[in-house]
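Take 0 as the starting number for the sequence shown in numbering that gives the first Met the number 0 and just add one per residue.
Here a beta-carbon is modelled for each residue, glycine too, at the ideal position from N, C-alpha and C.
All of these numbers come straight from a predicted model, not from anything done at the bench.
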Amino acid sequence: MRKNLRIKIITAVVMLLLFIGTAILLNQPDPDEVLSSAQKRIFAVAKVTDILSDNAAPDSWTEGRRIGEQNLEVTVLTGKYKGKVLEAVNYVNAYFNVDAKLGTRVIVRLDFNDAGELYVLSIPNYDRSSVLIIALLAFALLMVLVGGKQGARALFGLLFTLINLWYILIPLVLKGVPPVMATIIIAAYTSAGALLMLTGFTKKTLCAFLGCVGGVIAAGVFAWLVTLMTPINGFNMSEAEEMVIRASDSPLQISGLLISGLLLAALGALMDTSMSIVSALHEVYEQNPTITKKQIFKSGMNIGRDAMGTMANTLILAFVGSAFNLMILFQIYEYPMIQILNSDMIVIEILQGIAGSVGIIATTPLVSALCAAVFKWSRKEEIEKSREVTEKDIHTFSEFLP
0 MRKNLRIKII TAVVMLLLFI GTAILLNQPD PDEVLSSAQK RIFAVAKVTD ILSDNAAPDS
60 WTEGRRIGEQ NLEVTVLTGK YKGKVLEAVN YVNAYFNVDA KLGTRVIVRL DFNDAGELYV
120 LSIPNYDRSS VLIIALLAFA LLMVLVGGKQ GARALFGLLF TLINLWYILI PLVLKGVPPV
180 MATIIIAAYT SAGALLMLTG FTKKTLCAFL GCVGGVIAAG VFAWLVTLMT PINGFNMSEA
240 EEMVIRASDS PLQISGLLIS GLLLAALGAL MDTSMSIVSA LHEVYEQNPT ITKKQIFKSG
300 MNIGRDAMGT MANTLILAFV GSAFNLMILF QIYEYPMIQI LNSDMIVIEI LQGIAGSVGI
360 IATTPLVSAL CAAVFKWSRK EEIEKSREVT EKDIHTFSEF LP
């Protein structure tokens with residue numbers, strides 16, 4: 000027990016040090032880099048302390064949303080200019096509808112006029128940070144209350160995955176590392192970390208990790224083959240124009256970003272499928288250690304077939320949901336089906352759902368085979384070790400016999 004705990008601690012420390020070192024190395028600021036226009040903008044949280052005038056009124060075509068203009072007095076609550084009381088003009092329209100009331104917390108963009116005086120340039124959003132923090136805390140609390148220690152470990156695993164994506168994967172891609180290769184490496188690293196936090200250094204973790212990585216690779220290979228035949232790549236994405244502008248003076252490789260995003264979207268489902276099959280097979284094996292490899296594999300396939308349908312639906316419906324508004328527009332304008340099925344957006348959404356599902360299909364037999372091999376192999380070692388101990392005890396006892 001102490002040995003396993005020591006191994007877990009050493010593994011956690013090594014992974015943490017590896018993450019910190021890599022993140023620091025990749026996120027070093029470039030001394031010659033010029034601040035972007037976004038970095039030069041000044042944003043702050045402010046509170047509406049007075050409504051000087053308000054001519055906004057509900058409009059029928061916006062389903063009752065108010066449209067018009069508000070003159071507000073706001074007090075800056077954060078940043079360098081905290082405490083400043085400023086006047087602001089808030090233009091309320093159908094799309095950027097920040098309908099301020101007395102006491103409303105908003106995000107303000109600050110600027111200086113020609114005379115060097117500070118003023119509110121615009122009010123782009125409500126201040127939603129407090130609501131998001133409460134929602135996140137409620138989510139974490141529910142995870143811990145319902146899941147106990149496993150729920151807490153799952154939270155740490157999720158956090159570990161997110162910070163690796165932000166501080167390691169994205170900087171790697173921006174520095175010119177091929178996106179697909181970087182994504183597979185980080186997917187393997189983060190899934191290993193998340194699974195270790197969830198189940199510790201066990202046979203279950205090993206099988207789930209290898210199955211997850213295998214599923215990610217299978218999804219990537221399938222998507223790569225389809226994108227070659229279609230053809231379609233990162234330049235077909237809606238953000239491609241901005242990416243091209245950014246890539247003009249950086250080593251960013253756009254063509255692989257489509258597959259990278261697909262792999263990241265499928266990673267969670269693949270990890271879930273792998274762990275579900277492994278946990279079920281481990282329980283079956285613990286209840287019946289005499290079960291054969293063939294029976295373990297068959298049980299894994301039966302369990303995996305049930306998971307396949309639900310996870311495939313989850314992936315495809317998630318991607319369809321992200322394109323739901325576009326599908327409504329297709330219906331409104333009565334686009335012909337041949338145009339819908341061949342549009343970049345719909346092809347990308349369909350490909351993402353199918354490739355992720357292919358990863359899940361590949362994960363099922365792979366995890367089942369791994370469990371059959373690893374569980375029975377380790378049990379064989381335990382039996383041989385037990386037999387050696389028994390034979391030694393018999394030999395020792397026989398010395399006392401006349």
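I'd like the list of long-range same chain contacts for residue i, defined as Cβ closer than 8 Å, with 5 residues on each side in sequence excluded.
i              : result
lysine 100     : Val47, Ile50
isoleucine 347 : Ile231, Asn235, Met236, Leu257
lysine 379     : Any reading at lysine 379 must be qualified, since the residue scores a pLDDT of 49, below 50, and its modelled position is unreliable; the value itself is stated next. Taken in chain order, the list of residues that qualify is empty.
arginine 65    : Ala55, Ala56, Pro57, Asp58, Val91, Asn96, Asp98
alanine 322    : Met344, Ile345, Glu348
threonine 389  : Any reading at threonine 389 must be qualified, since the residue scores a pLDDT of 44, below 50, and its modelled position is unreliable; no value is offered.
arginine 108   : Arg40, Ile41, Phe42, Val119, Leu120, Ser121, Ile122, Pro123
asparagine 112 : Tyr118
valine 243     : Phe234, Ile253
If you compare alpha carbons, which of the options is closest to residue i?
i                 : options                        : result
phenylalanine 329 : Ser321, Gln351, Ile339         : Ile339
glycine 299       : Glu282, Met310, Val145, Asn312 : Glu282
isoleucine 106    : Leu24, Met307, Thr74, Ser356   : Thr74
serine 128        : Ala239, Ala93, Val44, Val172   : Val44
threonine 103     : Ile216, Ile185, Asn89, Gly147  : Asn89
alanine 306       : Gly320, Val366, Ile337         : Val366
alanine 218       : Leu350, Gln69, Phe374          : Leu350
asparagine 124    : Phe42, Ile331, Trp376, Glu333  : Phe42
isoleucine 276    : Trp376, Ile9, Ala361           : Ala361
glutamate 240     : Met228, Ser254, Ala191, Thr229 : Ser254
threonine 313     : Tyr332, Leu195, Ala264         : Ala264
glutamine 38      : Asp110, Val373, Asp53          : Asp110
threonine 363     : Ile353, Arg304, Lys292, Met326 : Arg304
glutamine 286     : Ile244, Phe374, Ile23          : Phe374
isoleucine 290    : Gly175, Ala114, Ala87, Trp376  : Trp376
glutamate 68      : Thr226, Tyr334, Asp53          : Asp53
lysine 292        : Glu116, Ala368, Leu154, Ile184 : Ala368
Would you decide whether residue i is buried or exposed? Buried here means 16 or more other CB atoms lie within 10 Å of its CB.
i                 : result
valine 12         : exposed
serine 59         : exposed
leucine 16        : exposed
threonine 61      : exposed
glutamine 27      : exposed
alanine 371       : buried
proline 250       : exposed
asparagine 163    : buried
proline 178       : buried
tyrosine 284      : buried
glutamine 407     : A query on residue 407 cannot be resolved here, the shown segment of the chain reaching from 0 to 401 and no further.
valine 145        : exposed
glycine 196       : Going by the sequence as given, residue 196 is methionine instead of glycine. So methionine 196 ends up on the buried side.
leucine 93        : Rather than leucine, the amino acid found at residue 93 in this sequence is alanine. Alanine 93 should be labelled exposed.
phenylalanine 296 : buried
phenylalanine 318 : buried
Please list, in chain order, all residues of the same chain as residue i whose beta carbon is under 6 Å from its beta carbon, the five residues on each side excluded.
i              : result
valine 412     : A query on residue 412 cannot be resolved here, the shown segment of the chain reaching from 0 to 401 and no further.
methionine 310 : Ala268, Thr272, Ile359
arginine 320   : Looking at the sequence itself, residue 320 is glycine, so the reference to arginine does not match. Around glycine 320: no qualifying Cβ.
leucine 266    : Ala186
isoleucine 9   : none
alanine 207    : Leu194, Ser273, Met274, Val277
serine 411     : Absent from the model: residue 411. The displayed extent of the chain is 0 to 401, so no value can be given.
Mind checking who residue i pairs with in its DSSP beta bridge?
i             : result
lysine 46     : Thr74, Arg104
arginine 65   : Pro57
leucine 85    : Val73
valine 91     : Gly67
serine 52     : Asn70
isoleucine 41 : Leu109
Take residue i and list the residues in its own chain whose beta-carbon comes closer than 7 Å to its own, dropping the five residues that flank it on each side.
i             : result
threonine 160 : Thr189, Ala193
threonine 198 : Thr204
threonine 77  : Ala43, Val44
glycine 150   : Met142, Val143
Give a yes or no on whether 7 Å exceeds the smallest Cβ distance from residue i to chain D.
i              : result
isoleucine 185 : In the structure shown, chain D does not exist; there is a single protein chain.
TODO: With a floor of 3 residues, list each beta strand (DSSP E) that falls wholly inside the segment 107-154, ordered by position along the chain.
DONE: Runs found: 117-125.
TODO: Any chance you could list the alpha helix (DSSP H) runs of at least 4 consecutive residues sitting entirely within the segment 279-344, in chain order?
DONE: Correct list: 292-321, 323-331, 336-341.
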